[in-house]
Amino acid sequence: MIETILLLLILLFRSSVYAQEYKVDLDIRSRFEYRKGFGEPRPTDEDLDVAANFISQRTRMNTFFKDKRSFIELKFSFQDVRTWGATPILNNIDYGNFSLYEGWAKFNISKSTSIKVGRQELKYDDYRILGNVDWAQQGLVHEAIVFTYEGLFKIHVGGGYQTDEENLYRQAYSSNNYKTLQFVWLNKSFKKLQLSFLFLNNGIEQVESIDPNFTASDLKIRFSQTMGGRLLFNLEFLDVTLNGYYQTGKDGVNRNINAYNLLLELRGKLYELVEIIVGGELLSGNDVIDDGSNKAFNPLYGMNHKFNGLMDYYYVGGRHVDNVGLQDYYAKLKFNIRDNWKLNANYHLFKSIGRQLLNSSGDLTDISLGQEFDFIATYELNNQIKFDGGFSFLFAQEGIIDLRQLSTGIARDKNKINKWGWFRVSINPTIFFIKNEN
């Protein structure tokens with residue numbers, strides 16, 4: 001694999017005499033984490049309640065090629081993602097850490113119209129529904145084809161179809177992905193207003209048979225639709241954001257979906273040094289009163305770590321999906337101390353929208369989930385080297401204790417403070433760049 005990459009670089013370098021632009025950059029990111037109550041409340045059992053410490057690393061190389069005469073752009077991105085110590089220090093075995101992250105070709109039909117095909121990031125608006133999940137070391141990419149028009153307004157239309165491998169006849173798709181996906185994104189900017197609309201059709205393959213020896217005729221694709229948009233008002237001293245999405249269709253077990261997501265956020269600045277953000281988000285959920293439909297909103301392929309607290313209790317790694325929903329009321333402060341120093345302080349108050357049956361006596365889970373405090377510091381040494389880190393506390397309340405005890409069978413202690421700390425070093429140099437205007 002390394003030999004193939006080197007050959008590719010040599011060929012692109014030789015062609016750069018005639019090409020318009022060729023660039024190679026690196027993304028090296030090492031992150032230490034301390035976890036004691038990250039993702040779920042700390043257990044009552046002291047033998048289980050032991051902190052986890054680890055260091056993960058992403059080493060990514062991005063190569064970008066652009067030729068204006070042939071109207072072609074190419075990007076190849078290779079990465080190695082690992083946890084320190086996961087492979088022996090004297091190692092001659094490929095553990096599968098190395099992979100192609102992005103690999104796409106883009107044909108510019110005109111100045112405003114293009115087609116991009118291949119393995120690529122899909123990220124739109126605030127990344128709530130479609131994002132690249134850059135906090136995760138591995139990131140999130142799609143194999144898709146995307147048609148783009150960006151002129152008087154913007155429209156992106158794309159989709160993808162997934163299989164495990166080439167075959168003669170249809171086989172079950174075993175990967176934990178969608179089987180097929182299509183989307184349309186529209187965006188229009190005015191002087192003080194931005195409007196966006198997103199429609200996403202998500203197809204999940206399911207087997208409609210209890211027989212383990214099922215055939216291809218038992219494979220069905222169930223489709224759900226997510227539709228909605230985002231409004232951003234830019235006022236003189238205040239920015240107002242409104243998000244609204246609705247989900248319908250069928251879920252993986254053939255229930256009708258009837259779910260919604262709403263967000264209101266106000267953002268203002270004081271003396272250019274302090275930014276204040278207050279807002280609230282609602283994600284609908286299921287309730288003990290069950291009419292057979294699924295009312296739990298799923299943010300699908302968004303950057304969920306960005307929302308609902310940094311300790312990843314909600315909608316990250318499958319947590320809190322198909323559950324009682326979420327009310328998230330938050331306030332954030334951003335301090336721009338210097339050009340290269342920033343401090344953030346965030347507060348979240350979490351409540352559920354629905355409830356679950358807690359026991360055979362008819363008791364219900366509590367609506368109060370907890371409170372979270374996040375503190376982050378960022379220092380940029382220059383445009384290629386950045387240090388950042390943070391510490392978070394979550395005070396769990398009865399609701400999240402009940403829910404996680406039900407889902408895991410492990411007793412949780414609401415009196416214990418849940419903690420998470422992290423420190424990251426990011427190095428992003430451009431190691432090669434040629435731009436020929438001829």
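Counted from 1, the sequence shown has number 394 at position 394 by the UniProt record's numbering; the numbering is strictly sequential.
Where is the CB? At the ideal position from N, CA and C, for every residue including glycine.
The structure presented is a predicted model; accordingly, all values stated were derived computationally and were not measured.
Boundaries (first-last residue) of the alpha helix (DSSP H) holding residue i
| i | result |
| --- | --- |
| aspartate 25 | Here aspartate 25 belongs to no alpha helix (DSSP H); instead the beta strand (DSSP E) covers 21-36. |
Cut-off 6 Å between Cβ atoms - residues of its own chain near residue i, not counting five sequence neighbours on either side
| i | result |
| --- | --- |
| serine 392 | Leu310, Met311, Asp374 and Trp420 |
| glycine 249 | Phe223, Ser224, Gln225 and Ile257 |
| aspartate 388 | Thr378 and Arg424 |
| asparagine 346 | Lys332 and Asp374 |
| lysine 414 | Ala396 and Ile401 |
| phenylalanine 38 | Met311 and Trp420 |
| lysine 188 | Phe153 and Leu195 |
| tryptophan 84 | Ile55 |
| tryptophan 341 | Tyr379 |
| tyrosine 315 | Pro299 and Asn304 |
| glycine 244 | Gly228 and Leu262 |
| tyrosine 95 | Thr87 |
Residues that DSSP places opposite residue i in a beta bridge
| i | result |
| --- | --- |
| proline 43 | Arg412 |
| phenylalanine 65 | Tyr22 and Leu74 |
| isoleucine 385 | Ile427 |
| valine 207 | Leu219 |
| histidine 348 | Tyr330 and Glu372 |
| phenylalanine 197 | Leu186 and Gly229 |
| glutamate 275 | Lys269 and Lys334 |
| alanine 296 | DSSP output for alanine 296 lists no bridge partner at all. |
| threonine 378 | Lys342 and Asp388 |
| leucine 282 | Leu262 and Gln327 |
| glutamine 120 | His142 |
| serine 224 | Asn202 and Gly249 |
| aspartate 80 | Thr59 and Phe98 |
| asparagine 91 | Its beta-bridge partners do not exist; DSSP assigns none. |
| leucine 394 | Glu372 and Asn418 |
Other residues of its chain near residue i: CB distance less than 7 Å, five sequence neighbours each side excluded
| i | result |
| --- | --- |
| glycine 139 | Tyr101, Asn132 and Val133 |
| proline 429 | Asp25, Leu26 and Gln384 |
| glycine 399 | Ser352, Thr365, Asp366, Ile367, Ser368 and Leu369 |
| phenylalanine 214 | Val207 |
| lysine 68 | Gln20 |
| leucine 283 | Asn261, Phe297, Gly325 and Leu326 |
| glycine 306 | Note that residue 306 is lysine in the sequence shown here, rather than glycine. Taken in chain order, the residues that qualify are Tyr127. |
| serine 99 | Gln79 |
Residue i: first and last residue of the uninterrupted beta strand (DSSP E) it sits in
| i | result |
| --- | --- |
| glycine 131 | First-last for glycine 131: undefined, no H or E at that position. |
| methionine 303 | It is not in any beta strand (DSSP E) - methionine 303 carries neither H nor E in the DSSP assignment. |
| serine 112 | Where serine 112 is concerned, there is no enclosing beta strand (DSSP E), given that its DSSP letter is neither H nor E. |
| arginine 267 | 259-270 |
| threonine 148 | 142-150 |
| alanine 105 | 98-108 |
| threonine 241 | 238-249 |
Same chain only: Cβ atoms within 8 Å of residue i, ignoring 5 sequence neighbours per side
| i | result |
| --- | --- |
| valine 288 | Gly354, Arg355, Gln356, Leu357 and Leu364 |
| tryptophan 104 | Leu74, Lys75, Lys116, Val117, Gly118, Arg119 and Gln120 |
| valine 274 | Leu333, Lys334, Phe335 and Asn336 |
| leucine 270 | Ile276 |
Residue from the options whose Cα sits closest to the Cα of residue i
| i | options | result |
| --- | --- | --- |
| residue 487 | Asn167, Ala259, Trp185 and Lys191 | Given a span of 1 to 438 for the chain in the structure shown, any question on residue 487 remains unanswerable. |
| serine 112 | Thr148, Ser196 and Gln79 | Thr148 |
| valine 141 | Asp388, Tyr301 and Ser352 | Tyr301 |
| phenylalanine 395 | Phe190, Tyr379, Arg119 and Glu372 | Glu372 |
| serine 30 | Tyr127, Phe76 and Phe423 | Phe423 |
| leucine 193 | His305, Thr87 and Thr241 | Thr241 |
| threonine 59 | Pro88, Asn97 and Ile89 | Asn97 |
| serine 196 | Asp239, Tyr178, Asp251 and Asp126 | Asp126 |
| tyrosine 178 | Ala411, Leu282, Thr163 and Thr44 | Thr163 |
| isoleucine 109 | Phe32, Leu48, Phe71 and Ser426 | Phe71 |
| phenylalanine 183 | His320, Pro41, Ile204 and Val146 | Val146 |
| leucine 235 | Tyr124, Met303, Phe65 and Leu266 | Leu266 |
| arginine 42 | Phe107, Gln405, Gln247 and Phe433 | Gln405 |
| alanine 52 | Tyr34, Gly158 and Thr63 | Tyr34 |
| arginine 82 | Asp49, Leu200 and Ala136 | Ala136 |
| isoleucine 410 | Asp45, Tyr173, Tyr95 and Leu200 | Asp45 |
| asparagine 167 | Ala144, Tyr22, Glu272 and Ala216 | Ala216 |
| asparagine 201 | Phe64, Leu186, Gly159 and Asn344 | Gly159 |
| glutamine 79 | Phe432, Met61, Asp291 and Asn92 | Met61 |
| tyrosine 173 | Val157, Asp218, Asn382 and Val50 | Asp218 |
| serine 114 | Asn91, Tyr169 and Gly151 | Gly151 |
| serine 175 | Tyr161, Asn286 and Asp328 | Tyr161 |
| lysine 106 | Tyr124, Ala144 and Asp290 | Ala144 |
Short CB-CB distance (under 8 Å) between residue i and chain B
| i | result |
| --- | --- |
| aspartate 328 | This model lacks chain B altogether; it includes just one protein chain. |
Residue ranges of each beta strand (DSSP E) within the stretch 152-180, 3 or longer: 154-161
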